[in-house]
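In mature numbering (1 follows the signal peptide of the UniProt record, and there is no 0), the protein residues as written are -26 to -1, 1 to 313.
See below:
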């Protein structure tokens, strides 16, 4: 029998190896008050900022309100909703509700949601194509958005659009893609997207998920208009940073968080890669993963700095197309401050 002394020695050796093999990014980071104040002022100088939250190694180091808004108040996160929508899709795959990212979307929709006159190629569109904005259908965003949301059936309207690329081809950013996923989740589970998100995300993350806009058939809007507090967004981002874990619980599979961040296509609008609901870029030579909504609703995760950043902004038009670049400059300053 091995003696207790040998066990202690083995544990000490294992502990020493763990300390030596820890990534350098695991070292605690301390930001002095003057640096924090400067960064907070820089964020406030952006003309649209409502709130800023920054967590490093799980500790919230900035929790700042601007222009009368609060980090515990619900904000319209616009297209940042698309990033959140990726999570229940991954959980549905984990639970076997969806076979996988290669399953055709038509298999998950009700028969009356599929227009008979639609191009037969809609049967080639997979769950993964919708997540990565590679469905090939004419976009429902941009100049087509108003007509789409004014239609009497958003799902059928999206599927009836002409193909302008092949399924799996170039990125065509379209809110209709994410709404099809919301419709698929609703039909496949028999539960609303709101109920699923409250059960699969809200409860384990201890965050409130209030109701948001629904289409004429009552399906919750997949990809826009979701309301979340900045504090809730921070928890969501931290969960992804920790590969699906939060407060010691595995909320999403670690494989799904990794898969979501894998680049699958490239965005014409911001020059960054795109995975499953997440953009991927580099700032200050560090890989960053982020969700982005109109007007400056952003969630950034910087794994090598153990950092999660939430910034909410005025969601109303007009908003400059260069505004994301200004936010990235601020994120760069936050990264440099931890070097």
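Heads up, the beta-carbon is just placed ideally off N, CA and C, and yes, glycines get one too.
{"query": "If we ignore side chains and look at the alpha-carbon of each, how far apart do residue 143 and residue 202 end up?", "result": "32 Å"}
{"query": "Looking only at its own chain, which residues have a Cβ that is under 8 Å from the Cβ of residue 194, when we skip the five neighbours before and after it?", "result": "156, 160, 166, 167, 168, 185, 186, 187 and 188"}
{"query": "Round the Cβ separation of residue 258 and residue 310 to the nearest angstrom and send it over; I've been treating them as touching at under 8 Å.", "result": "6 Å"}
{"query": "Ignore the nearest five residues each way along the sequence and tell me which others in residue 46's own chain have a CB closer than 6 Å to its CB.", "result": "203 and 205"}
{"query": "Could you check whether residue 20 and residue 335 sit closer than 8 Å to each other, using their CB atoms as the reference points?", "result": "Because the chain in this structure spans residues -26 to 313, residue 335 falls outside the shown range and cannot be described."}
{"query": "Tell me, please, which residues DSSP counts as bridged to residue 255.", "result": "262"}
{"query": "Could you tell me the distance, in whole angstroms, from the CA atom of residue 307 to the CA atom of residue 271?", "result": "18 Å"}
{"query": "Between the beta-carbon of residue 241 and the beta-carbon of residue 250, is there less than 8 Å?", "result": "no"}
{"query": "Just the C-alpha distance for residue 24 and residue 213, rounded to the nearest angstrom, thanks.", "result": "23 Å"}
{"query": "For residue 42 and residue 5, what's the separation of their Cα atoms in angstroms?", "result": "26 Å"}
{"query": "Just to confirm the assignment, what range does the alpha helix (DSSP H) spanning residue 309 have?", "result": "297 to 311"}
{"query": "Please determine, among 111, 226 and 10, the residue with the shortest C-alpha to C-alpha distance to residue 99.", "result": "111"}
{"query": "For residue 71 versus residue 105, is the C-beta spacing smaller than 8 Å?", "result": "no"}
{"query": "Of all the alpha helix (DSSP H) runs that stay within the bounds of the stretch 44 to 93, which reach a length of 4 or more residues?", "result": "55 to 68"}
{"query": "Of the residues 117, 14, 198 and 121, which one's Cα is nearest the Cα of residue 54?", "result": "198"}
{"query": "According to DSSP, is residue 176 part of a helix, a strand, or is it coil?", "result": "helix"}
{"query": "Excluding the five sequence neighbours on either side, which residues of its own chain have a C-beta within less than 6 Å of the C-beta of residue 56, listed in chain order?", "result": "152, 197 and 251"}
{"query": "With DSSP run on the structure shown, which of helix, strand or coil describes residue 213?", "result": "helix"}
{"query": "Hey, residue 287 and residue 22 are a contact pair by Cβ (cut 8 Å); roughly how many whole angstroms apart?", "result": "4 Å"}
{"query": "Identify which residue in 293, 235, 289 and 122 has its Cα closest to the Cα of residue 50.", "result": "289"}
{"query": "Between the alpha carbons of residue 261 and residue 298, how many angstroms are there, rounded?", "result": "16 Å"}
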